[in-house]
Ligand code: GRF
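Numbering (my numbering), first residue to last: 1 to 217.
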């Protein structure tokens with residue numbers, strides 16, 4: 001049984017998608033804690049409604065990034081998780097923190113990395129006029145929004161897309177993409193080789209699964 005800790009800052013819709021898929025598919029895993037850095041975040045109430053244990057580590061109650069991360073690491077390590085999932089966790093993490101969880105720290109970013117790291121990805125994608133946009137699940141490296149790519153979801157940008165319609169359509173894909181990637185981790189199917197992710201075949205075989213989903217792929 002793999003133990004998963006999910007870190008959130010906001011509405012927690014990716015956390016919800018992972019929790020629901022974990023239950024529906026009967027993964028050999030459980031979410032042992034949802035940790036949030038913002039008291040009152042919508043995702044905390046959602047996690048509680050799902051019956052998940054929640055913790056708050058408020059960054060504003062700690063003097064600086066190092067102190068916050070030390071408290072966060074204590075809360076995480078108390079659960080001895082196999083995997084830490086960042087799901088809309090809006091704090092930049094130091095190299096020390098990332099190294100502590102190397103190889104067991106996943107993130108989802110709402111763009112086709114390495115395009116558009118950082119914030120406002122949908123607005124920037126529209127401004128750049130890209131025809132293809134999407135989301136990426138990756139192992140967290142020491143650079144912001146970078147690290148070995150596990151899987152991506154892509155869609156065609158429409159001429160009448162707004163920041164909101166694009167965000168909504170990408171989010172729907174995120175809710176399929178992230179549970180798929182976490183499941184692969186749970187099943188011990190992800191290896192990092194030479195800075196790239198290799199997806200091992202499923203136990204018992206089956207056709208190779210695409211690591212690109214969405215409208216394009
Ligand atoms: C998602 O778009 C995710 O890609 C980004 O932050 C957003 C979180 O949304 N990292 P939610 O809290 O999972 O609903």
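Backbone N, C-alpha and C fix where the C-beta goes; we use that ideal spot for every residue, glycine too.
None of the values given here were measured: they were computed from a predicted structure.
For residue 214, the beta-bridge partners assigned by DSSP are 154. Residues of the same chain with a CB within less than 6 Å of the CB of residue 68, apart from the 5 flanking positions on each side, are 59, 62 in chain order. In the three-state reduction of the DSSP assignment, residue 111 falls in the coil class, being assigned neither a helical nor a strand state. The Cβ atoms of residue 7 and residue 37 lie closer than 9 Å to each other. Distances from the alpha-carbon of residue 157 to those of 77, 166, 40, 192 put 166 closest. Taking 8 Å as the cut-off, one finds no heavy atom of ligand 1 near enough to the beta carbon of residue 100. Looking at the DSSP output, residue 183 bridges to nothing. A Cβ-Cβ distance of about 10 Å is found for the pair residue 111 and residue 128, leaving them out of contact under the 8 Å criterion.
If you look at residue 97, you'll find it in the alpha helix (DSSP H) that goes 95–100.
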